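Enquirer:
2 protein chains.
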Amino acid sequence: MQFHLNGFEPGDPEVADAAQPAATSGCSGAVPEQVDVLIVGCGPAGLTLAAQLSAFPDIKTCIVEQKSGPLLRGQADGIACRTMEMFEAYGFSERVLKEACWINETTFWKPDDKRRENIVRSGRVQDTEEGLSEFPHVVLNQARVHDFFLDVMRKSPAHLEPHYARRLFDLQIAPDAGAGDNADPYRVTARLERLDPAHEGQTETIRARYVVGCDGARSAVRKSIGRALHGDSANHAWGVMDVLAVTDFPDIRFKSLIQSDSDGSIIVIPREGGYLVRLYVELDKLDAGERVSNRNITADNLIAAARRILRPYTLEVKEVAWWSVYEIGQRLCDKFDNVPEQDIQHLPSVFIAGDACHTHSPKAGQGMNVSMQDGFNLGWKLASVLRKRCAPRLLHTYSAERQAVAKELIDFDREWAALLASSKGFDAAETQRYFVRHGRYTAGTAAHYRPSILTGEPTHQHLAAGLKIGMRFHSAPVIRLTDAKPVQLGHVVKADGRWRIFAFAGATDPAAANAGIRTLCDFLAGAGESPVRKYTPDGEDIDSEIDVRAIFQQDHRELAIEVMPSLLLPRKGRYGLCDYEKMFCPDLKGGNDIFTLRGIDRDRGCMVVVRPDQYVAHVLPLDGYAPLAAFFDGFMTRQH
Amino acid sequence: MQFHLNGFEPGDPEVADAAQPAATSGCSGAVPEQVDVLIVGCGPAGLTLAAQLSAFPDIKTCIVEQKSGPLLRGQADGIACRTMEMFEAYGFSERVLKEACWINETTFWKPDDKRRENIVRSGRVQDTEEGLSEFPHVVLNQARVHDFFLDVMRKSPAHLEPHYARRLFDLQIAPDAGAGDNADPYRVTARLERLDPAHEGQTETIRARYVVGCDGARSAVRKSIGRALHGDSANHAWGVMDVLAVTDFPDIRFKSLIQSDSDGSIIVIPREGGYLVRLYVELDKLDAGERVSNRNITADNLIAAARRILRPYTLEVKEVAWWSVYEIGQRLCDKFDNVPEQDIQHLPSVFIAGDACHTHSPKAGQGMNVSMQDGFNLGWKLASVLRKRCAPRLLHTYSAERQAVAKELIDFDREWAALLASSKGFDAAETQRYFVRHGRYTAGTAAHYRPSILTGEPTHQHLAAGLKIGMRFHSAPVIRLTDAKPVQLGHVVKADGRWRIFAFAGATDPAAANAGIRTLCDFLAGAGESPVRKYTPDGEDIDSEIDVRAIFQQDHRELAIEVMPSLLLPRKGRYGLCDYEKMFCPDLKGGNDIFTLRGIDRDRGCMVVVRPDQYVAHVLPLDGYAPLAAFFDGFMTRQH
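As given, the protein sequences belong to chains A and B, one line each in that order.
Once you know that position 401 of the first sequence is 401 in the working numbering, the rest is easy, because the numbers rise by one and skip nothing.
To convert, take the position in the second sequence, counting from 1, and add 1000; that gives the working numbering.
Written out as structure tokens, the structure reads:
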């Protein structure tokens, strides 16, 4: 898709002369008086969370935002492979694939040894390691990512829209009497100040079971629970601008890391529509305690710096769609909820997510991606507790999991920023090696949750060596048995709050009475200890909480569905219709056998338990009924 | 995507409890008094045409429809590969891929030799020949196809919406004084009768330059120009129903052709959402002159017949979302416009498209697909004449091209229907062989336009053996030079009314001064005889009428864009920004070298001229400047 040729226009590029989206979105009325979840902030974390909660019509959510309407331009743009996988779960990956700019290769430029004032290309790498994800690394205006989430919310069962022009004034949290607390469940009272001209200065009060602060680096929610960001007092300043420009720099449509001899460095990020480009321009080092905002830097300063760095190439900027200057500050909060460290008696009622609890250098492209994963992590947990499917102690895992991931990323980010901003000028070859080595961090696929009530011990990890416990489920192509459709196995994991058990068959003929898949299905469908039975409410479809899928080793033409266990052809809905999408076979024709790709034990097979946020929770033998039951017993709530 | 589990619901399955789309679409006011094009009928042909015309804000179009709002259920559902390619040009292929049911394999069932009253599977084939198209064969409710076109129209520069509840009363066509006619260009006057309760019986008059009848088999437009459908007085009756059902028939999610011993045949078409299925049920032979509507057939009759045919399998229908009975009638009009055969002095002002001029047996899945190709064929031609880019005599090619294609398809269809409905019962093995052999017809890729002013002679066909003149441009994967993005070359052909010249480079280094690509670009950019120069209006972008793309033989990392001809890095728009999407390289890593796949002469290279509707118009040597100029001179209008 090509657009922005005649100037940057916000909104859907498929709409000719689109009206500003602000005009037709958002709730116009007052906020509700009482909700299950109040989300403060319509950034990536808040919208990911809101979109997840909106899938459940029985959860009442309110999301508020200081701005008067949806974001239209600027801010983040990098979308990691892992984030694309999450977008697939939310149902809009194909829209992003179509509209975004794909980052296919990254090039490196350094001073020319013969003429140091000029730059020359020193290297070129494929951006994403082969096979790391079924999705590419792309870039797209953050505003469009917001639009896609807003669209999910609008179409959802809850038909959720944000309330704009509200600033959080303060939060009051009623004391929690402990896990057995029988007090008013609406423990948090938030006061909001209205900012729109018609209601300016008016105060609204809203009572909530849970409040989530997705309100950015200066988070009012974070302050209200007495937490703070710790970390660098950064003294490297960078400028960023989205421009429409004419240049003879040949790699303007590649992500390019450029180090000049004496004028600093630039990162070039080509953008959606084929014409727009983002430039990150290194500015001078700040003095101790100095703020970049005091330097009175202008867009013209940034353009001039970019032109010096790009020599001998020219740069003629025709339009600046957005620009900003900032200091790099890698900062982190100790804990992402309102319960003190080590206190497991009390349950959290206030959480923080995204920039409210961790900030990153934009150049590693992490901020928006990590924030959305925060929202995805917290969303299903809140939903499962509110819907009484899981025990509230599950909520402790949000901070534990996401704080550790954020810390690891900030450590990586700090190294990366230091390398880029090194006063000696970074060594291009070293940067390139580092870039390749850390591709998995950049892609968002390195996050690894430690063993917990949600993450099993790796006792049986060898049964599925390529599907690491605690890491995201790495999809692979398969063929659906009942209709021979080529699909990605990972794409069955939608953002619907359900758990999945992927049962990989062993060597036994699946039609045999003693086949591991068959006995597993018998257990899951019939045994009193089966988590499927225990945790599925009466009257719900058999797969409404735990969705069992089978993957066989045979070509799909060799198997007969008539002999398959009934759990794999479940009868659902008011008519008792058969769901034909539970069984898969390897993509043998394409040479992509999932058993080989993911290191599945062909003799024994295995079970891979996958969380609602696409992370592998456990790997167990096909007959590991007791450990399977024990795993779900650790956090789920019996339904009958 | 899974949906319809608890009953068929019309509308967008991504919208929870969607309101009926009828409520929010369509124009509420009166029709305009004067338009460039009046389209009668909001079926597949009419909407394809309307969506094409809506891309041009300078064309005034009105589309009217008898029904009171958009279609919600029933009618056609097969979407051929070729149609998916066209949807890509219209910008919504990814939505159809996501929502539709993919037909991956087709199975064949026949009477069991041991127990003739039972059916057994006799064969199974991959539905679409390997490599036939980059798109699969899919099925989706016709109503959803309409929705996608309506969405294109709504978002388009013309912001076009249908006027519903209008029946065409009559047409009056002012006589055409010949090609040099200076009379009133609004030659056709249409009278419409309003059918909505608020305006029932009121008449509207609308004057149009062109009227297109897309008003179905009983077309009032066709009658008004004195044409008729000729062909079979069919005496085979079929029933069709979309059902939600429970069955133990194992191939219910495959397209299945089932022949019972003594109860007739069924075709099973699995449908979108994972639960719905369409059944075509053979009914008794009609007597001469008998109409199926006189038989008082009910849905229960169809269900009973299906149950008999499916033995020993059971079928329990839970809901009938839609059903109908019809006779197979393969019928065709002699000519698709209002100008008598052999008359080339007079220009057509009324056209007919879709079922108005050809009807097909639904079982070969042709009707909707061929109708949309009619609309695609006519759309760009009308637009180019109205926008004074092409000579009006171009309009003669619509009937010439589409009537021949329809005739060929009806011949195929008739054979196919006869085979299926043969009174002796068709031979399953023969059907399967026939099915495979005719896959290209079914996929819609067999259409072949004869030489004309729009279709060159195959003198140089050997330079691109796999890109047949007169057939649709067969896409192949390539790598875009400037950003290394893997793309489909054919997907650059959007429904934007532009011509393309694909210049495939020969063996010479493209950087060399004498390289064929370079001298071609010099000719196209600079020579007085260049069609790019002659036919591009002043002030328009250089690629606004004829879009030149180059495909090199080298790996993309071996080529430097700095040395490429400026025509391949054109400066466009109000800022003179550079368009970086004109150059491509083979996908060598994927083992899909387009030069090999499409039989391009590696030594000499070639030019492939592609029409706005994706058909190959010509294949010429890279230095075939004179024949290239002569080709465009045959129908284009000099702009300055």
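We treat Cβ as the ideally placed atom computed from N, Cα and C, and that holds for glycine.
On a predicted model such as this, the values are computed, not experimentally measured, just so you know.
So if DSSP puts V35(A) in a beta bridge, which residue, or which two residues, is it bridged to?
Expert: A208(A)
Enquirer: Go ahead and pull the three-state DSSP assignment for C1081(B).
Expert: helix
Enquirer: With a threshold of 9 Å between beta-carbons, can T247(A) be considered close to chain B, or not?
Expert: yes
Enquirer: Let me know the beta strand (DSSP E) ranges lying completely inside the region 122-154 of chain A, each 3 residues or longer, listed in chain order.
Expert: 137-139
Enquirer: Between the beta-carbon of R207(A) and the beta-carbon of V35(A), is there less than 9 Å?
Expert: yes
Enquirer: In terms of residue numbering, what span does the alpha helix (DSSP H) encompassing E1094(B) cover?
Expert: S1093 to E1099
Enquirer: With a CB to CB cut of under 6 Å and the five nearest residues on each side skipped, what residues in its chain are close to A1447(B)?
Expert: V1405
Enquirer: Are the C-beta of E1581(B) and some C-beta of chain A separated by less than 9 Å?
Expert: True, the Cβ-Cβ gap to chain A drops below 9 Å.
Enquirer: Are any of the Cβ atoms in chain B nearer than 9 Å to that of H159(A)?
Expert: yes
Enquirer: In its own chain, which residues sit with a C-beta less than 8 Å from the C-beta of W380(A), not counting the 5 before and 5 after it?
Expert: Q52, A495, G497, R611, P612 and D613
Enquirer: Quick check on the burial criterion: 16 or more other C-beta atoms within 10 angstroms. Buried or exposed for M1583(B)?
Expert: Burial check for M1583(B): the Cβ neighbour count within 10 Å reaches 16 or more, so the residue is buried.
Enquirer: With a threshold of 16 other CB atoms inside 10 Å of the CB of E562(A), please say whether the residue is buried or exposed.
Expert: exposed
Enquirer: Helix, strand or coil: which one does DSSP assign to T1189(B)?
Expert: strand
Enquirer: DSSP three-state call for Q461(A): helix, strand or coil?
Expert: helix
Enquirer: In chain order, which alpha helix (DSSP H) runs of at least 4 residues are fully inside the region 293-320 of chain A?
Expert: 299-310
Enquirer: Would V15(A) count as contacting chain B if we go by Cβ distances under 9 Å?
Expert: Interface with chain B (9 Å Cβ-Cβ cutoff): V15(A) is included.
Enquirer: Verify the CB distance criterion: does T482(A) have a CB-CB separation below 9 Å to chain B?
Expert: yes
Enquirer: Say whether chain B places a C-beta atom closer than 9 Å to the C-beta of Q488(A).
Expert: no
Enquirer: Does the Cβ of V120(A) have 16 or more other Cβ atoms within 10 Å, making it buried, or fewer, making it exposed?
Expert: It is exposed - the Cβ of V120(A) has fewer than 16 other Cβ atoms within 10 Å.
Enquirer: Is there a C-beta anywhere in chain B that falls below 9 Å from the one on Y186(A)?
Expert: no
Enquirer: Can you give the Cα-Cα distance for K589(A) and K155(A), rounded to whole angstroms?
Expert: 38 Å
Enquirer: Residues in the same chain with beta-carbon distance under 8 Å from S423(A), minus the five sequence neighbours each way, listed in chain order, please.
Expert: Reliability of the predicted coordinates at S423(A) is poor, the pLDDT of 48 falling under 50, and the value obtained from them is presented with this limitation in mind. Excluding sequence neighbours, S423(A) sits near K285.
Enquirer: Per DSSP, what kind of secondary structure is H1640(B) in: helix, strand or coil?
Expert: coil
Enquirer: Report the three-state DSSP secondary structure of T1106(B) (helix, strand or coil).
Expert: DSSP places T1106(B) in strand when its eight states are reduced to three.
Enquirer: K255(A): buried (16+ other C-beta within 10 angstroms of its C-beta) or exposed?
Expert: buried
Enquirer: With respect to the beta strand (DSSP E) encompassing P1477(B), which residues constitute its N-terminal and C-terminal limits?
Expert: P1477 to R1480
Enquirer: In whole angstroms, give me the CA-to-CA distance for E1272(B) and R1073(B).
Expert: Within the model, the alpha-carbon separation for E1272(B) versus R1073(B) is close to 13 Å.
Enquirer: By alpha-carbon positions, which one of P1070(B), R1082(B), L1132(B) and C1081(B) ends up nearest to D1147(B)?
Expert: P1070(B)
Enquirer: Name, in chain order, the residues that DSSP records as bridge partners for P1362(B).
Expert: DSSP, once it has assigned bridges, lists no residue as partnering P1362(B).
Enquirer: Is it right to say I344(A) is buried, meaning 16 or more other beta carbons lie within 10 angstroms of its own, or is it exposed?
Expert: exposed
Enquirer: Compare the Cα-Cα distances from V608(A) to each of D509(A), G470(A) and P586(A) and report the closest residue.
Expert: Per the Cα distances, G470(A).
Enquirer: Name the residue from H1360(B), D1215(B), R1095(B) and A1484(B) whose alpha carbon lies nearest to the alpha carbon of D1411(B).
Expert: H1360(B)
Enquirer: How do the region 4-12 of chain A and the region 242-260 of chain A stand: do at least 3 beta-carbon pairs fall below 8 Å, yes or no?
Expert: Counting Cβ pairs under 8 Å, three or more are found: they touch.
Enquirer: Using a Cβ-Cβ cut-off of 6 Å (strictly less than) and excluding sequence neighbours within five positions of A1626(B), which residues of its own chain qualify?
Expert: none
Enquirer: List the residues of chain A whose Cβ lies closer than 9 Å to the Cβ of G1091(B), in chain order.
Expert: Against G1091(B), the close residues of chain A are M1, E14 and K98, in the order they occur along the chain (beta-carbon pairs closer than 9 Å).
Enquirer: Could you confirm whether any beta carbon from chain A is found closer than 9 Å to the beta carbon of E1319(B)?
Expert: It does; some Cβ of chain A falls within 9 Å.
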